[in-house]
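Q: Encoded as structure tokens, here's the structure I'll be asking about.
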Amino acid sequence: MGDNRVLCFLLFVFFLVSQVISEDPYRFFTWTVTYGDIYPLGIKQQGILINGQFPGPHIDAVTNDNLIISVYNYLDEPFLISWNGIQQRRNSWQDGVHGTNCPIPPTKNFTYILQVKDQIGTFFYFPSLGFHKAAGGFGSVRIYSRPGIPVPFPPPAGDYIILGLKYILDSGHNLPFPDGLLINGRGWNGNTFTVDQGKTYRFRISNVGLTTSINFRIQGHTMKLVEVEGSHTLQNTYSSLDVHLGQSYSVLVTADQPAHDYYIAVSTRFTTPVLTSAAILHYRYSTGTVFGPPPSGPTIQIDSSLNQARSIRWNLTASGPRPNPQGSYHYGLIKPTRTIRLANNAPVINGKQRYAVNSVSFSPADTPLKLADYFKIPGVFYLGSIPDYPTGGGGYLQTSVMAADFRSYVEIVFENWEDTVQSWHIDGHSFFVMGMDGGQWSPASRLRYNLRDTVARCTTQVYPKSWTAIYMALDNVGMWNIRSENWARQFLGQQFYLRVYSPANSWRDEYPIPKNALLCGWASGRHTRPL
């Protein structure tokens, strides 16, 4: 009798879980990854296509949707897709980077199961292995608010996507200066966006490039910023907008000018020379064409970019993914329990150029760290293999993993001692950009933190000889990648993993290993469920 009661109870719990999950819609996608001809700058190249497209298909979803994405790899090499800014709550198994997932072998497939839990906004996906990102395989993700949750602006007449990429012909690991700048996979005037006079449109801009910040502007028009990587912002107006590596922005543009064509200009920032590309903003029924050169933008000036970054603020009265004001989360009143300082540097190790964090240049293991952690495989990595503070010592190779406790609240300071702009991304989390400034960070720098309305996001820039400080709640259990968004630096070691750990071993904190998990390295032949 007792066994029957236990069985009935377990079936009842399963029924409840099934009911909860079934409330959120499912969206199914089947992607075929192949090589194909692309003509990004008018020259035939071999690119990576998804369903024959370059860039890949857009994903449109609503908060809490479940995304079932079956990826079939028909390349002659392994392939992985990662989800830039999609947090994958309790589910780092789906992160799609080499430290968490085995690559999809040629002719094989893997099905990602994601839930865009409590998220809205503009994000993108990209291939995370090697330099696949330079050849394609990337695309946009738009997550809309659920019906009934107010959005702080009227519905736009259209919703356009802009993916900016510095393209390198026959690109190699040395990443020479690129040949051109692409907008949605095309070169000069290769895209046209049609608008009706008097109406307002949403443009979602993502920098999916490899090495450089970009500046975005529209001839004769201003832009009202409304969203940054899932956060509604104060609706400041800009004539041009800096978008650093890995970042995404949403702006509203009103077609309030005489009806003809205008340039949409994108140019590289902080480079010499400056590369520029353009698309066309076309007023419907107009007969006029674009006139004059594209509008010029800022080039190497740091101060204007820093001031613009400081002007981006959280809209405290707007609802986020849930119907409560963003400002109801008083991030500035929470005292961090730990300070982590991360300094980038460029050491030469064993006679080769490498890049490092706190002198540690990441060396990939042959077994994904998440699998090694789950199966308790010794020797793949060890916790504490990267220090919390810069050491100032020479660089060395290590499979670096930092230990962290679930539900702790940390302060992270990115310190840039070099002469180039850096861009940092943290998987699985969003964070509050507390402050940024030139010079050396010290505890006194906290006096300049924005404790009230700084924006929450997943990628931040660090200017030359400067620092950027963030606060972050470690509310997502898993093995999460912290990396430079400069892809040469990431590839050559400027990254590490943060293991956010809960001793509870509960589905409440983290989902179990998927039944379809690919196993490789020392995890080959293991069972995906405990025996």
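So the sequence shown is residues -22 to -1, 1 to 509, counted in mature numbering (1 follows the signal peptide of the UniProt record, and there is no 0).
Here a beta-carbon is modelled for each residue, glycine too, at the ideal position from N, C-alpha and C.
The structure presented is a predicted model; accordingly, all values stated were derived computationally and were not measured.
#1: Using a threshold of 9 Å, state whether the C-beta atoms of Gly499 and Val358 are closer than that.
#2: Using a Cβ-Cβ cut-off of 6 Å (strictly less than) and excluding sequence neighbours within five positions of Asp431, which residues of its own chain qualify?
#3: Near Leu301, what residues of its chain come up, given a Cβ to Cβ distance below 8 Å and the 5 sequence neighbours on each side ignored?
#4: Residues in the same chain with beta-carbon distance under 7 Å from Val478, minus the five sequence neighbours each way, listed in chain order, please.
#5: Tell me whether the segment 88 to 100 and the segment 252 to 264 touch, counting them as touching only if at least three CB pairs, one residue from each stretch, are closer than 8 Å.
#6: For the segment 231 to 268, list the beta strand (DSSP E) runs that are entirely contained and at least 3 residues long, ordered along the chain.
#7: With distances taken from CA atoms, which of Ser289, Pro133 and Leu347 is nearest Tyr179?
#8: Using a threshold of 9 Å, state whether the C-beta atoms of residue 523 and Asp2 are closer than that.
#9: Who are the Cβ neighbours of Gly298 in its own chain at under 6 Å, not counting the five residues just before and after it?
#10: Please report the distance separating the alpha-carbon of Ile121 from that of Ala334.
#11: Tell me the DSSP secondary structure of His110 in three-state form.
#12: Leaving aside the five residues before and after Asn162 along the sequence, list all residues of the same chain whose C-beta is less than 8 Å from its C-beta, in chain order.
#13: Alpha carbon to alpha carbon, how far is Tyr441 from Lys493? Give it in angstroms, no decimals.
#14: Can you give the Cα-Cα distance for Lys354 and Ser480, rounded to whole angstroms?
#15: Looking at the secondary structure, which residues open and close the alpha helix (DSSP H) in which Arg288 lies?
#16: Return the residue from the list Trp402, Arg467 and Ile364 that minimises the CA-CA distance to Lys330.
#17: When you compare each of His222, Phe410, Pro251 and Thr446 to Val429 by their alpha carbons, which one comes out closest?
#18: Helix, strand or coil for Arg67? Go by DSSP, reduced to three states.
#19: Going by C-alpha distance, which of His407, Arg124 and Ser226 is nearest Phe181?
#20: To which residues does DSSP link Gln473 through a beta bridge?
#21: Is there a Cβ from chain B that is less than 9 Å from the Cβ of Lys177?
#22: Between Phe392 and the rest of its own chain, which residues show a CB-CB distance below 6 Å, the 5 nearest in sequence each way excluded?
#23: What does the alpha-carbon distance come out to for the pair Thr8 and Ser118?
#24: In angstroms with no decimal places, state the Cα-to-Cα distance between Val11 and Arg424.
#25: Taking 6 Å as the limit between beta carbons, can you name the residues of its chain near Asp487, skipping five residues before and five after?
#26: Any idea which residues DSSP pairs Tyr321 with across the strands?
#27: So for residue 510, helix, strand or coil by DSSP?
#28: How is the alpha helix (DSSP H) around Ala350 delimited, first residue to last?
#29: Does the Cβ-Cβ distance between Gln472 and Asn464 come in under 9 Å?
#30: Does DSSP put residue 513 in a helix, a strand or coil?
#31: Which residue's Cα is closest to the Cα of Thr369: Ala135, Val338, Asp397 and Gln65?
#32: I'd like the list of long-range same chain contacts for Gln66, defined as Cβ closer than 7 Å, with 5 residues on each side in sequence excluded.
A: In short:
#1: Against the sequence shown, residue 499 aligns to sequence position 521. Against the sequence shown, residue 358 aligns to sequence position 380. Yes, they are a contact pair.
#2: Reading the sequence shown from its first residue, position 453 is the one you call residue 431. Sequence-distant partners of Asp431 (beyond 5 residues in either direction) whose C-beta falls short of 6 Å from its own C-beta, in its chain, are Arg291, Trp292 and Leu294.
#3: Residue mapping note: residue 301 aligns to position 323 of the sequence shown, counting from 1. Per the sequence shown, the amino acid found at residue 301 is Pro instead of Leu. Excluding residues within five positions, the ones whose Cβ falls inside 8 Å are Gly126, Ile127 and Pro128.
#4: As a first step, residue 478 must be located in the sequence shown, where it is residue number 500. Only Ala382, Phe384, Leu452, Asn454, Val455, Gly456 and Trp458 meet the Cβ criterion.
#5: no
#6: 239 to 246 and 254 to 261
#7: By one-based count along the sequence shown, residue 179 stands at place 201. Selected option, being the one with the closest Cα: Pro133.
#8: Because residue 523 is not part of the residues shown, which for the chain are -22 to 509, the question remains open.
#9: The residue given as residue 298 occupies position 320 in the sequence shown. Same-chain partners within the cutoff: Gln304.
#10: Mapped onto the sequence shown, residue 121 falls at position 143. Mapped onto the sequence shown, residue 334 falls at position 356. Taking the straight line from one Cα to the other gives about 34 Å.
#11: For this step, residue 110 is matched to residue 132 along the sequence shown. Note: His110 maps to helix in three-state DSSP.
#12: The sequence position of residue 162 within the sequence shown is 184, counting from 1. Cβ within range, chain order: Pro33, Ile139, Ile140, Leu141, Gly168, Asn169 and Ala257.
#13: As a first step, residue 493 must be located in the sequence shown, where it is residue number 515. As a first step, residue 441 must be located in the sequence shown, where it is residue number 463. Rounded to the nearest angstrom, the two C-alpha atoms are 43 Å apart.
#14: To locate residue 354, count along the sequence shown from 1; it is residue 376. To locate residue 480, count along the sequence shown from 1; it is residue 502. Computed Cα separation, rounded: 15 Å.
#15: Position 310 of the sequence shown holds residue 288. First-last of the alpha helix (DSSP H) with Arg288: Asp281 to Ser289.
#16: The residue you call residue 330 lines up with position 352 of the sequence shown. Out of Trp402, Arg467 and Ile364, Arg467 has the C-alpha closest to the C-alpha of Lys330.
#17: On the sequence shown, position 451 is the one that residue 429 refers to. In the sequence on display, residue 429 carries Leu and not Val. Check the Cα spacing between Leu429 and each of His222, Phe410, Pro251 and Thr446: the tightest is with Phe410.
#18: On the sequence shown, residue 67 is found 89 positions in, with the first residue counted as 1. Looking at Arg67 - three-state DSSP - the assignment turns out to be coil, as it is neither helix nor strand.
#19: Taking the sequence shown and counting its residues from 1, the one referred to as residue 181 is at position 203. When only C-alpha atoms are compared, the closest one is Ser226.
#20: As a working mapping, residue 473 is identified with position 495 in the sequence shown. In the DSSP output, where bridge partners are listed per residue, Gln473 has Arg461.
#21: Included in the structure is just one protein chain, with no chain B present.
#22: Taking the first residue of the sequence shown as position 1, residue 392 is located at position 414. Excluding residues within five positions, the ones whose Cβ falls inside 6 Å are Leu320, Trp402, Val440 and Thr446.
#23: The count along the sequence shown starts at 1 and reaches residue 8 at position 30. The count along the sequence shown starts at 1 and reaches residue 118 at position 140. So the alpha carbons of these two residues sit roughly 16 Å apart.
#24: Stepping through the sequence shown from its first residue, residue 11 is reached at position 33. Stepping through the sequence shown from its first residue, residue 424 is reached at position 446. Each residue's Cα considered, the two are about 47 Å apart.
#25: In the sequence shown, the residue the question calls residue 487 occupies position 509. Cβ neighbours of Asp487 within its own chain (closer than 6 Å, five residues either side excluded): Val455 and Ser480.
#26: Against the sequence shown, residue 321 aligns to sequence position 343. Rather than Tyr, the amino acid found at residue 321 in this sequence is Ala. Ala321 is bridged to Glu393.
#27: Absent from the structure is residue 510, since the part of the chain shown begins at -22 and ends at 509.
#28: Residue mapping note: residue 350 aligns to position 372 of the sequence shown, counting from 1. Residues Leu347 to Tyr352.
#29: Taking the sequence shown and counting its residues from 1, one reaches residue 472 at position 494. Taking the sequence shown and counting its residues from 1, one reaches residue 464 at position 486. Result yes, Cβ atoms of Gln472 and Asn464 sit closer than 9 Å.
#30: With the chain represented from -22 up to 509, any question about residue 513 goes unanswered, as that position is not in the structure.
#31: Against the sequence shown, residue 369 aligns to sequence position 391. Comparing Cα-Cα distances from Thr369 to each of Ala135, Val338, Asp397 and Gln65, the minimum goes to Val338.
#32: The residue given as residue 66 occupies position 88 in the sequence shown. Within the same chain, Gln66 has close Cβ partners Gln72, Asp73, Leu92 and Gly406.
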